[in-house]
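Single-structure report; data block below.
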Amino acid sequence: MAADSGSAIDRDAIFQIIRTQLAEILEMDADSISLNATFSDLGADSLALIELVEALEEALASYAEGFHIDDEDLEGLASVSDAVNYVATKLQVA
-15 MAADSGSAID
-5 RDAIFQIIRT
5 QLAEILEMDA
15 DSISLNATFS
25 DLGADSLALI
35 ELVEALEEAL
45 ASYAEGFHID
55 DEDLEGLASV
65 SDAVNYVATK
75 LQVA
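FYI, in the working numbering the residues of the sequence shown are -15 to 78.
Here it is in structure tokens:
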């Protein structure tokens, strides 16, 4: 699924979206969430990750209509970096 040509996004923007959404879900300061942080280190349980997926699908819909994260793909994401790479790949960001 390619990003819409009128709405470009880069890896840093993806990281900022993920970090902001995760901070809100986990009720913590976004600045304390690094790219290398694992979800386990942040205390994100499976419910928090499901909330993150829902928030990302909504936040990224403007970049790719119908953006969706498959449940089976979620199992392979262990860190913020994994999530950024996954989203970048889905949106075909270099």
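No residue lacks a Cβ here, since even glycine has one placed at the ideal position from N, Cα and C.
Beta-carbon proximity of residue i to residue j, cut-off 8 Å
i     : j       : result
VAL77 : ILE(-2) : yes
LEU6  : ILE(-7) : no
VAL71 : LEU31   : no
LEU26 : TYR47   : no
ASP41 : PHE51   : The question names Asp, but residue 41 is Glu in the sequence shown. Cβ atoms of GLU41 and PHE51: closer than 8 Å.
Range covered by the alpha helix (DSSP H) that runs through residue i
i     : result
ILE2  : -5 to 10
ALA72 : 64 to 74
LEU57 : According to the sequence provided, residue 57 is Asp. The question's Leu does not apply to it. ASP57 -> alpha helix (DSSP H) spans 55 to 58.
Whole-angstrom distance between residue j and residue i, CA atom to CA atom
i        : j       : result
ILE53    : MET12   : 24 Å
ALA62    : SER24   : 8 Å
GLN0     : ASN20   : 13 Å
THR73    : ALA67   : 10 Å
ASP29    : ASP55   : 15 Å
ASP(-12) : ASP(-4) : Because the pLDDT at ASP(-12) is just 42, under 50, the model does not fix this residue reliably, and the value given afterwards should be weighed accordingly. Taking the straight line joining both Cα atoms gives about 18 Å.
ASP57    : SER65   : 14 Å
Beta-carbon separation (whole angstroms), residue i vs residue j, contact threshold 8 Å
i     : j     : result
GLU35 : ILE9  : 5 Å
THR4  : ALA14 : 5 Å
Practice problem: Could you tell me which uninterrupted alpha helix (DSSP H) segments, each at least 4 residues in length, are contained entirely in the stretch 17 to 44, listed from first to last along the chain? | Solution: Complete alpha helix (DSSP H) runs here, min 4: 23 to 26, 30 to 43.
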